[in-house]
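In what follows, a single structure is set out as structure tokens and then discussed.
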Amino acid sequence: MVKFTLNGEVQELNVPSANPLLWVLRESLELTGTKFGCGIGQCGACMVLVNGQPTRSCQMPISAAEGSEVITIEGLSEKGAHPVQEAWVEEQVPQCGYCQSGQIVSAVALLAANPNPTDEDIDGAMSSNICRCGTYPAIRRAIHRAAGIQEQSASTDDAGGEE
Amino acid sequence: MNDQLGDPIEGGGITKNLSRRTFVKIGVLAGTGLTLGVSYRVIKGPAAPPTDAAFAPSAFLRIDVDGSITVMVAKSEMGQGVATALPQLVAEELHVPLSQVSFEFAPAHPAYGTAMGGMQLTGGSTSIRDSWLPLRKAGAKARWMLREAAAQRWGIAPDQVQMNEGKAVHPDGSKLAYAQLASAAALLDVPKDVPLRDPSEFRVIGMPAPRLDVPAKTTGEAIFGMDAGPSDTRVAVVARSPVFGGVLRAFDPTGALEVHGVDEVVALQSGIAVIADGYVAAKEGRDLLNVEWEDGEWSTLDDVEILDRLKEAAGQDGATVREEGDIDSVLSSDREQIKAAYTLPYLAHATMEPMNCTAWVRNGQCTVWAPTQFQNAPGIVGGGARQVAAKAAGVSPDNTVVHTTFLGGGFGRRAEQDFVREAAELAGKVDGPVKVIWAREDDMQHDFYRPASYHEFSAILGVDGMPEAWRHQIASQSILQRMVPSWVPGFATKWAGSSDPTSTEGAQDQPYHIPNMRVTYSRVDLPIPVGFWRSVGHTQNAFVVESFIDELANLAGQDPYEYRRDLLKEHPRHRAVLDAVAEASEWASPAPGGRARGIAVAESFGSFVAEVAEVSIQNGQLRVHKVWCAIDCGMVVNPSIVRAQMESGIVYGLTAAFYGRINIQGGRVVQSNFHDYQMLRMRDAPDVEVILVPSQEAPGGVGEPGTPPIAPAVTNALFSLTGLRIRELPIQLV
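Protein chains in written order, with our numbering: chain A, 2 to 164; chain B, 950 to 1683.
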């Protein structure tokens, strides 16, 4: 039995402890937004947030998720309203789309740690995710845009707080 | 009754077996609500004959009583934007904004057969070219019928009714929404022909409309093959002969069956399937199978032998696919010949979504959920997914339904239906739905690879430095030779020892004006499965032609851009993209310190693309800083998608130039996953600037044409920087 929080809800599951988190998400919990790409931690299609850290769910046995807080693409926002998702739409990033859940999750983690990343920061943080369609230039634009959206909403929040 | 067009989910007997979630998942692809309207009654009738264009529009469009307008997208959405661009074509002629239109993936049906032998196939960058007139006509005929219905309702002449923004407008200003007219319009005859909008009046075509599939692809909601199917579907992983041409001798399922969760082991044509309650158990079981393979005659085949065979074949003349002037007498003179040989490797497609397919066979019916590029080909032996699945499952094609999902990349790999055949065969042998998932290693080692090829060039320059003679000898496996026997057995002889346009495209039609020319092709038969890889023959031929012409320009002491330009006097579209990219990249001014630029141009799939790459060497590594890309693809349907496809094709080609190589050892593929078959990543991705050259020509393709020029643009830049001429890919600096 493993117990963890998934997208804000407590989950208690009886699954083989060695099963990777990826397949527990996809098959036991039927959250298919997180993708299988390589199975060896090379491509980042399976990226999720575990306690806020970008984590390759294909490499994490479910037993290691015990007590942790897991957020998948489905848990980022209601109806795609996270600033990174909005920026992804505004920059029209996805092509085939298969890697994009992982790309978005990696970008969310990057911006949480570094609200105004440089191109070099983006290279460093996003090179763990492969996109075979070559959306890299669009991802770069979208991350800069998301940083702008976050900054704007933060300053709006500040203004609201002063009233 | 087996015509599934109007009912992609199938009858009620099935849906009750599905969980709510399954229903929702399929519902993303299938229609909802009552469907009336211009097309539906036609669809419910007998299947539209493929040659009867007057009925074709009806299969592409549905207007429901709630006013929703649904375009049936009969092309596979694998990132290239068809799920947006095709609805744009309909919306244009229907006189509605794209925001009022949604899409569904069409079922496999002859009504969606294209000019390519009636095949329902996405490939060859043909989607817009195939759909440009049929979808516009579908929209125009629907609009005509809606206007007729409005005129009858109002008792006025049809030409007094204006159709605008999804509404019929009476001269007095009163309006009827299309939704209010759909039922009446459905009773009218479909007109034979109606006029289309003049391009000067386009409002939707040519607009950078947001993609209709993007929102679902940012929330995890988009359903790919991996995500589709009933929720009680079991998962299978298959053991296949690691050596090409090997056959099964014996297997012992004991180890597999001991894995918790594994419940069946089934022999298939392609190998041994291990079925479990999930992927992890199925893969573990597969890996624990004890299988004896009969390796066959190719168990010692390796890269050395393959290259030897290619070289030997290239030395023989093979089939002549281009002949100009008198090449023999020019080459037999004692003038100095310039010679060069180029070598290109096998390449895997490596779609982000590994191959997979879900199938369910019961009561003589086969249902398939497939991320496929090739749904239907009733007239062709072998066929598309529908025919392949039917045959493998042992049911009639009429009783076989194909649900096309989103594709996690295609690039030509999913034009092959091996993954559908395997799933349908397995489903025919077991109870309940089953999804065959290929591990990344399976996907990498059982692909249909871009053929390896070997090229020999001989040229003679005139006193002005321009080429007087050009001989290009190509040797490679033939994709068509592999495929044609499976289509029509007797037809194979046509290809024996002769040409294959998929191997020579880009070489036999190279555009440079050279008075004496010969291009030959020598087919080499090897057991490596070869197939269509994004831009096919152009990937190899653009590289070698654009490299060798660059060599000649250098030997002539001329600027490589001007040299090409001079040899392209009769090719204004080539020249226009060259000029555009030269201007954008400031070709005439020197590159920034430590950098150099290279240029290349190629026509492929009806479009013309020139690219300039700016490179440097940093810490001993080649770095591509920036790529300028000019494309003339005729009239543009969605400029934002065209730009994205150029970026995409460039990154795809850069991956091949930097890393792409499939090695063969012991008759099998050496590489297995992304650690040894590397992909370009963010840190290596250049800035890309795309220039759309205005054109009123008929639309060309955009999915593939961005790829061919990039490798030679980069290697030509590297030559300019270092004097190192790359004649073998992937690029090695030592």
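Note that CB positions come from ideal geometry on N, CA and C, so glycine has one too.
>> For the alpha helix (DSSP H) containing Gly1411 (chain B), name the first residue and the last one.
In response: Where Gly1411 (chain B) is concerned, there is no enclosing alpha helix (DSSP H), given that its DSSP letter is neither H nor E.
>> Quick check: the Cα distance between Lys1166 (chain B) and Cys100 (chain A), rounded to an integer number of angstroms?
In response: Spanning the two alpha carbons is a distance of roughly 9 Å.
> Is Gln1394 (chain B) helix, strand or coil when you go by DSSP?
Replying inline: helix
>> Please report the straight-line C-alpha distance between Arg27 (chain A) and Tyr1228 (chain B), rounded to a whole angstrom.
In response: 10 Å
> What's the call for Leu22 (chain A), buried or exposed, on a 16-neighbour Cβ count within 10 Å?
Replying inline: Label assigned to Leu22 (chain A): buried.
> How would you label Leu1070 (chain B), buried or exposed, when you count the other beta carbons within 10 angstroms and need 16 or more for buried?
Replying inline: buried
> How would you call Asp1396 (chain B), buried or exposed, if buried means at least 16 neighbouring beta carbons within 10 angstroms?
Replying inline: So Asp1396 (chain B) counts as buried.
> Which value, in whole angstroms, describes the spacing of the CA atoms of His1462 (chain B) and Ala1032 (chain B)?
Replying inline: 40 Å
> Which residues, in chain order, does the segment 130–157 of chain A contribute to contact with chain B at a C-beta distance below 8 Å?
Replying inline: Asn130, Ile131, Cys132, Arg133, Cys134, Gly135, Thr136, Tyr137, Pro138, Ala139, Ile140, Arg141
> If contact means a Cβ-Cβ distance below 9 Å, which residues of the segment 1149–1174 of chain B contact chain A?
Replying inline: If the cut-off is 9 Å between Cβ atoms, the segment 1149–1174 of chain B has Pro1157, Pro1159, Arg1160, Asp1162, Val1163, Pro1164, Ala1165, Lys1166, Thr1167, Thr1168, Gly1169, Glu1170, Ala1171, Ile1172, Phe1173 near chain A.
> Which one of A:Ile105, A:Arg141, A:Asp124 has the shortest CA to CA distance from Gly34 (chain A)?
Replying inline: Closest option to Gly34 (chain A), Cα to Cα, is A:Ile105.
> Based on the DSSP output, what are the partners of Ala1289 (chain B) in its beta bridges?
Replying inline: In the DSSP secondary-structure assignment, Ala1289 (chain B) is bridged to B:Phe1406.
> In this structure, does DSSP put Met1021 (chain B) in helix, strand or coil?
Replying inline: In the structure shown, the three-state DSSP call for Met1021 (chain B) is strand.
> CB-CB under 6 Å to Val1468 (chain B), same chain, minus the five flanking residues each way: which ones, in chain order?
Replying inline: Val1270, Arg1271, His1421, Ala1456, Gln1457
> Is it true that the CB of Ala1308 (chain B) sits closer than 8 Å to the CB of Ala1216 (chain B)?
Replying inline: no
>> So that I know if they touch, is there some Cβ in chain A lying closer than 8 Å to that of Ala1388 (chain B)?
In response: Yes - at least one Cβ of chain A is within 8 Å of the one on Ala1388 (chain B).
> In chain order, what residues of the segment 1610–1634 of chain B put their CB closer than 7 Å to some CB of chain A?
Replying inline: In summary, the residues of the segment 1610–1634 of chain B whose CB is separated from some CB of chain A by less than 7 Å are Asn1622, Phe1623, His1624, Met1628, Arg1630, Met1631, Arg1632, Ala1634, in the order they occur in the chain.
>> Between Ser1080 (chain B) and chain A, is any beta-carbon pair separated by less than 8 Å?
In response: False, the Cβ-Cβ gap to chain A never drops below 8 Å.
>> So for Thr56 (chain A), helix, strand or coil by DSSP?
In response: strand
>> Using only the alpha-carbon positions, how far apart do Pro1476 (chain B) and Pro55 (chain A) sit?
In response: 43 Å
>> On the DSSP bridge list, what partners appear for Ser1425 (chain B)?
In response: B:Ser1402, B:Arg1472
> Considering Ile1477 (chain B), what are the terminal residues of the beta strand (DSSP E) in which it resides?
Replying inline: Segment: none, Ile1477 (chain B) is in no beta strand (DSSP E) and carries neither H nor E.
> Are there 16 or more other CB atoms within 10 angstroms of the CB of Arg1189 (chain B), so buried, or fewer, so exposed?
Replying inline: Result: buried.
> Straight-line CA distance for Ala1532 (chain B) to Val1619 (chain B)?
Replying inline: For the sequence presented, residue 1532 (chain B) should be read as Glu rather than Ala. Looking at the two C-alpha atoms, the distance is approximately 44 Å.
>> When you compare the segment 1190–1210 of chain B with the segment 1254–1268 of chain B, are there three or more beta-carbon pairs, one atom per stretch, that lie closer than 8 Å?
In response: no
>> Out of B:Ser1534, B:Ala1290, B:Ile1018, B:Asp1283, which one is the CA nearest neighbour of Gly1115 (chain B)?
In response: B:Ile1018
> Straight-line CA distance for Pro1643 (chain B) to Val1586 (chain B)?
Replying inline: Spanning the two alpha carbons is a distance of roughly 12 Å.
> Which of the three DSSP states, helix, strand or coil, is assigned to His145 (chain A)?
Replying inline: helix
>> Does Trp1318 (chain B) come out as helix, strand or coil in the three-state DSSP assignment?
In response: strand
>> For a test of the three-state rule: what should DSSP assign to Leu1206 (chain B), helix, strand or coil?
In response: helix
> Interface residues of chain A around His1209 (chain B) at Cβ under 9 Å?
Replying inline: The contacting residues are Pro17.
> Among residues of its own chain, excluding the 5 on either side of Ser1448 (chain B), which ones have a beta-carbon nearer than 6 Å to its beta-carbon?
Replying inline: Ala1268, Val1270, Tyr1470
> What does Ile75 (chain A) reach in chain B if we use C-beta pairs closer than 9 Å?
Replying inline: Checking the sequence shown, residue 75 (chain A) turns out to be Glu, not Ile. Those within 9 Å of Glu75 (chain A) in chain B are Thr1168, Gly1169, Glu1170.
>> Using DSSP's beta-bridge definition, name the partner residues of Asp1201 (chain B).
In response: B:Asn1239
> So the beta strand (DSSP E) Thr73 (chain A) belongs to, where does it begin and stop?
Replying inline: DSSP places Thr73 (chain A) outside any beta strand (DSSP E), giving it a letter other than H or E.
> What residue from A:Val51, A:Thr157, A:Ala148 has the CA that sits closest to Glu70 (chain A)'s CA?
Replying inline: A:Val51
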